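**Student:** Dumping the structure here so I can ask a few things about it.
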Amino acid sequence: MLPALICALVSLSLADNFDTAYPELEHYRTIYVQENGPQLSVVTEQSKMVSRRGGNATLPCKFHRDASLPANPKLRIKWTKLTSDYLKEVDVFVAMGFHKRSYGRFHGRVYLRDSAPTDASLVITELTLEDYGRYKCEVIDGLEDGTGVVSLDLQGIVYPYFPRLGRYNLNFFDAERACREQDSIVASFDQLYEAWRGGLDWCNAGWLSDGSVQYPITTPREPCGGKNTVPGVRNYGLRDKEKNRYDVFCFTSNYKGRFYYLIHPSKLTYDEAVVACQKDGAQIAKVGQMYAAWKLLGYDRCDAGWLADGSVRYPITRPRRRCSPTEAAVRFNGYPDKKHKLYGVYCFKGHN
């Protein structure tokens, strides 16, 4: 009781001293401080959109302004593409009033949907493999701004790849080039993870687009991290892009064209295979095109044939004896001597 009484007396004394020192505040002893809430907010209705190479995609983004704000003709909408290096962004599109601009490889392929005055959604046409990734929508209204992020995914397939030189011969930049030459790009971790969930099992480590080296295991075994380990994506971490050498995981998607096995009266050397496709108005097919035809179109053929990289493969969607008895897969016959007249050829005829 006594401590409480002492505290009360001290409080009254302090209050009297405060009133004496600041008499002009006598009628304002209770001061309310109110901060204005955000006058601009940005909303992305869906965090992930899925499309396919050659198709279109709309990345949703809307903004809400305080109704009391006057119209701002200098309100700016900016779209950028995020990279694996979070300090870097790639400019995609900027709009301010009637002024609009698209950048780099997005030039002429992007525009705002403009379904309403507050619609900042971005439409991307003629999607490419490189368009896969995360995009940031930013709305700048004077001193106010807001952002939202949308992921663009592509239907496709991840496949492991190594060149004629053999396994573990690619630094990161070689890996990028190797995938590009096979109508593909280096896969992301998310793409590899989805492929692993779909059953991809591969015991050789390969580059991913963020510079890490990983590999997917569905059936643990001694040479692949240990027999008693759990299934998963094994991770070697980030590696030196110049010095370290591994295989690579490539990603490809739908194509515009026709992939087919060329009916020819005889088996061909590699050079003869190239010429045979050219005479048919086509080009010798690439590895990525075979994987896309197999996975996305269900292409099935039990004939081994040359591909552009000098490898010999054939796609099986219906496992059967003498073709692929246990699983649906793109079967790999290696990199034979290009002078051997032992194989047919797969061709690709593109459509503009």
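If you use mature numbering (1 follows the signal peptide of the UniProt record, and there is no 0), the sequence shown corresponds to residues -15 to -1, 1 to 337, in order.
In this text, a Cβ means the ideal position worked out from N, Cα and C, and glycines have one as well.
These numbers were taken from a predicted model, which means no experiment stands behind them.
1. So, for A101: in the same chain, excluding its five sequence neighbours on each side, which residues have a beta-carbon less than 8 Å away from its beta-carbon?
2. Considering Cα atoms alone, identify which of S136, L139, C287, K121 is closest to F78.
3. Would you call the region 135 to 155 and the region 202 to 214 in contact, with 3 or more CB pairs under 8 Å?
4. Using C-beta distances below 6 Å, list every residue in its chain close to G283, excluding the 5 sequence neighbours before and after it, in chain order.
5. If I'm right that S296 touches Y328 with Cβ under 8 Å, what's the distance once you round it to whole angstroms?
6. Could you give the first and the last residue of the continuous beta strand (DSSP E) run that contains F78?
7. Give me the residue from R230, N229, A267 with the minimum Cα distance to L247.
8. Can you check DSSP and say which residues form a bridge with V135?
9. Rounded to whole angstroms, what is the Cα-Cα separation between Q31 and P45?
10. If you follow the alpha helix (DSSP H) that W187 is in, where does it begin and where does it stop?
11. Identify which residue in K334, D265, A270, T254 has its Cα closest to the Cα of K326.
12. Using only the alpha-carbon positions, how far apart do L193 and G93 sit?
13. Among the residues of its own chain, which have a CB less than 7 Å from the CB of Y276, if the five just before and after it don't count?
14. Which residue marks the beginning of the beta strand (DSSP E) containing C262, and which one marks its end?
15. Tell me which same chain residues have a C-beta within less than 7 Å of the C-beta of A163, skipping the five on either side of it?
**Tutor:** Quick answer:
1. K47
2. K121
3. no
4. T302
5. Not a contact, Cβ separation roughly 10 Å.
6. Counting along the chain, the beta strand (DSSP E) containing F78 begins and ends at 74 to 81.
7. A267
8. Answer is Y120.
9. 7 Å
10. Where W187 is concerned, there is no enclosing alpha helix (DSSP H), given that its DSSP letter is neither H nor E.
11. Checked all of K334, D265, A270, T254; the closest Cα to K326 is T254.
12. 29 Å
13. Hits under 7 Å: I142, Y144, T237, V315.
14. Taken as a continuous stretch (DSSP letters only), C262 belongs to no beta strand (DSSP E), being part of the alpha helix (DSSP H) at 255 to 264.
15. Answer for A163: Y146, P148, L155, V233, listed in chain order.
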